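Undergrad: Before anything else, here's the structure in question.
Residue numbers (UniProt numbering): 1 to 71.
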């Protein structure tokens, strides 16, 4: 996983803080979002219940987020 450090400067107090961004987690969120969109679009194309597809997409996204989350 790649880590990127973002430095934020406060011009009033001249303080700076570093924020460590984990790009691996960002990629996981992106893939989960794309999966949810695909399931909803595919479900509406098949003319199935949107609420059922939404339930399954939420469950799948929860499982993927817990599976990819480093403990």
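Note that the Cβ used here is the ideal one computed from N, Cα and C, for glycine as well.
Remember, predicted model here, so these are calculated numbers, not experimental data.
Can you tell me the Cα-Cα spacing of residue 37 and residue 28, whole angstroms?
TA: Position 37 of the chain shown, counted from the first residue, corresponds to residue 37. Position 28 of the chain shown, counted from the first residue, corresponds to residue 28. C-alpha separation (whole angstroms): 14 Å.
Undergrad: To the nearest angstrom, how far is the alpha carbon of residue 52 from that of residue 62?
TA: Within the chain shown, residue 52 is the residue found at index 52, counting from 1. Within the chain shown, residue 62 is the residue found at index 62, counting from 1. Answer to the nearest angstrom: the Cα atoms are 15 Å apart.
Undergrad: Do residue 65 and residue 33 count as a contact pair if the criterion is CB distance below 8 Å?
TA: Taking the chain shown and counting its residues from 1, one reaches residue 33 at position 33. Taking the chain shown and counting its residues from 1, one reaches residue 65 at position 65. Their beta carbons are not under 8 Å apart, which means residue 33 does not touch residue 65 by this criterion.
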